[in-house]
Structure formats: C-alpha cells, structure tokens
Amino acid sequence: MQESFRILKAFRPAVVVGVGGYASGPAVLAARLLGIPTAIAEQNAFPGLTNRIPVRLSTFTPNPVAVDYDVYTNGGLYDSGSLQFLPGETLTFIEFALPSAEGLREVLVTLSNPVSAEITRFQQVLFMIPYEIEVPLIQTGEVWRYFKGTSEPPANWNDLGFIDTAWLTGATGIGYEKETGYGPCLATTLSDMQNSYYSIYARKGFSIEDPSRVTGLTFTMEFDDGYIAYLNGTAVYSENPPAVVAYNQPAGGSHEAACGGTPTPIDLSDNIDLLVPGDNVLAVQVHNVTLNSTDYILIPQLFATLAPWPGDFEPDGDVDIDDFVELAAAWLSQPGDGSYNHLCDINNPPDQIINMLDLEVLVEHWLLGF
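So the sequence shown is residues 661 to 1030, counted in our numbering.
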C-alpha cells in the first residue's frame, strides 16, 4: 500500500487503471483515497500486460486530428510518438511492446500537443500491472542425495517415489578440482572420482503447495561437462548428454562451469504440468568428458514464478494484517463501488459484494501461512 501511494504521488495521474484483478487492489484503493478516478481493465492483448491503449475522440470530426504521446515505465521514458486520426475516425490505439513484466509496476501514458482538437478528458493515465513473486525452490549450497556412477543406478532413480535414503548426502557444488578454478565453489569434494568413474546421479526434493499458482519455472545449472535434468522422472533439459545414456559413458562434449559467475537461466515453464501438489523432485545425472579430467562440478538451482495468493491485496507475497486492512476498507466502501469491490471479492467475484464469505477466504489463507 505504501508503494502504491509513493507511485501515485510521484506521477500524479489523472486516472488509475487496474490491470489483472485483485493484484491491482492496493493501487486502486490508494487512488480512491487520494481522490483520483479509477477503472478496471477487463481485457488486454496479452494476459497481465497493457500493450494496447485506446485513445478516443469525443465527437466525429471531418478534419485530420493528431496528438502526441509519451509512455513511461518505472519512472523513465520508454516510448513516444504521435497518433493520427483520419477524417471520420474516432478511435485509435497506442501500441507498444513492453520489454519485460519482471519488476514492472506501472505504465504512465501522457497526451500532449493536440492538433485540430482539445484534450477534454484525462491527459495522464496510470496503468498498474499485477505483480508476480519469484521464489527459490532449490538453491546453491543446499544438501542433495547423490550416487557415484560406479554402476548403473536403479531404473527409477529419478522418480518422485524412489527411496534415496541409502544414497550419500552433500551440499552443492559437488565435484573436484585438481588444479585451480572450481575450488571456491565446491562444498562436497569427490576425491576418488578422477580416473575412476564418469558420472554422478543426484536428487533434491522440493515442495509446491499449489502448482496452479506457478506461472513460470526457471532452472540454472553450473556443470562440467554434460548433464540431463529430470523433473519428477521426466527429462526436461540436457546439455552435452552422453551418446548412450549409461553410467560409464562420457559427456557428449566439453564444458567449463562459470564458477562464481551468473548462471544462464533456462526456461522450463513448458514443464509446469509435471509439478504435483506437495512433494516434487529435481534429479540430474552429470557426466565428465574424460576419466582423467582435472575437474568436475554440478550446481543445479530451480526457481518458480508464482501468481499472488487470493487475499494478498498489499501485495507483499503473503496474506497478513495489512490485507485485512485492505479488505475492511473495501467492505466499508459505498454500495455500488464495483471497481474496488471486484478486486477484493475473492470468494465470488461476479457478485461484486464484500461480505463474511470473503473474510473467511482471507482468514483461511492467513491461517495456512500463505
């Protein structure tokens, strides 16, 4: 809520448009408390993003009309241009492609310098974009179960239901360095791997309370030299995998990990449907390119992008006392105030009524610790 007030006081728009349902609630409420007109966008060209903004003439005109526009994102000028209305036209659009929704909270559109017309309504419109939360599921330094590739592991080694309690444990990075390079990144040293075995099989469990909230899945992998990654038993990504997938086979190519650098993110969002409520497992098999290689390492990470919980009006990633304040403000608002009531009507949005049922949903999520 405080962030919404900060944005509105900085931009001082003529109208605030909420984009994406209840996630825009704090901005819409803040605007109403500041006396700024509000509206809710029903649909966008792409879900969650406003990239086609209508500009309409109030009356028909036989003459060409023009108006300049500026588009600001996160406080900086992003796009500008001029709209042209041909004789008889009353509607056109400012169209632009946003670079990324990550970290984007507002889009401010300003109109100026009309030709053959006047700006009779709003000169500035602020569009508030709903947020998403990136949460780490598996991070560097966490403890994994692993199996040394001195023999073939059980066929179901990468399945969710596989019992791995007999496997070794170690924090990532797992590997060895006989010269210089990976030393600072190693937490578990495989002192017997060189000239002995090509591969390591590793598993790490993680929990997803509600997979339907997951809108994105990102994987990173620091490795030397090739690997195959599995999500709940299904292969989802590989680089330099062995030509024959077996414990005693070399990687399909050479690769040096960027120890201490920023790993390349790999989008696994097409595999979200593999997630299940509760326990899940990420598994990797990582192969060296030669038995006498002087180094080897594996450091997998996994991140999820989550839609906000119903009731997180603040928004800050969880349901807390601030969200009760938001709901109370909506509950006490004047009847018929559909724009804001719709945002907080988490039990039954079509009725646009804030009542005890909505409070019960909010309390349920609060007690569950979301």
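Don't be surprised by glycine CBs; every beta carbon is placed ideally from N, CA and C.
Beta-carbon gap between residue i and residue j smaller than 8 Å
| i | j | result |
| --- | --- | --- |
| ASP739 | VAL731 | yes |
| PHE866 | ASN940 | yes |
| ASP852 | TYR956 | no |
| LEU877 | LEU928 | yes |
| MET881 | PRO923 | yes |
| ILE754 | VAL775 | no |
| ALA964 | VAL795 | yes |
| TYR887 | SER872 | no |
| PHE807 | TYR861 | yes |
| LYS864 | LEU942 | yes |
| PRO902 | GLY913 | no |
| GLY809 | TYR907 | yes |
| PRO925 | VAL944 | no |
| PRO844 | GLY920 | yes |
| THR849 | GLY801 | no |
Residue i classed as buried or exposed, judged by whether at least 16 other C-beta atoms fall within 10 angstroms
| i | result |
| --- | --- |
| TYR836 | buried |
| THR894 | exposed |
| VAL936 | exposed |
| SER742 | exposed |
| GLY996 | The pLDDT assigned to GLY996 is 45, lower than 50, so where the model puts this residue is not dependable; a value taken from the coordinates is nonetheless given after this. The residue is exposed, with fewer than 16 neighbouring Cβ atoms inside 10 Å. |
| ALA705 | With a pLDDT of only 37 at ALA705, under 50, the local geometry of the prediction cannot be trusted, and the value read off the model is given with reservation. ALA705 is exposed by the Cβ-count criterion. |
| THR950 | exposed |
| ARG805 | buried |
| LEU709 | Reliability fails at LEU709, whose pLDDT of 41 lies under 50, so the model's placement of it is uncertain and no value is given. |
| ASN900 | buried |
| PHE720 | exposed |
| ASN816 | exposed |
| ASP824 | buried |
| SER772 | exposed |
| LEU846 | buried |
Endpoints, the beta strand (DSSP E) within which residue i is located
| i | result |
| --- | --- |
| GLN744 | 736-745 |
| THR875 | 874-884 |
| LYS808 | 803-808 |
| THR733 | 725-733 |
| GLU755 | 751-755 |
For residue i, the residue or residues it bridges with in DSSP
| i | result |
| --- | --- |
| PHE861 | Inspection of the sequence shows that residue 861 is occupied by Tyr rather than by Phe. PHE807 and GLN945. |
| GLY835 | THR849 and ILE957 |
| ALA964 | VAL795 and LEU877 |
| THR829 | ARG805 |
Point to revise | beta strand (DSSP E) segments (min. 3 residues) lying fully within the segment 887-953 | key: 894-899 and 938-947
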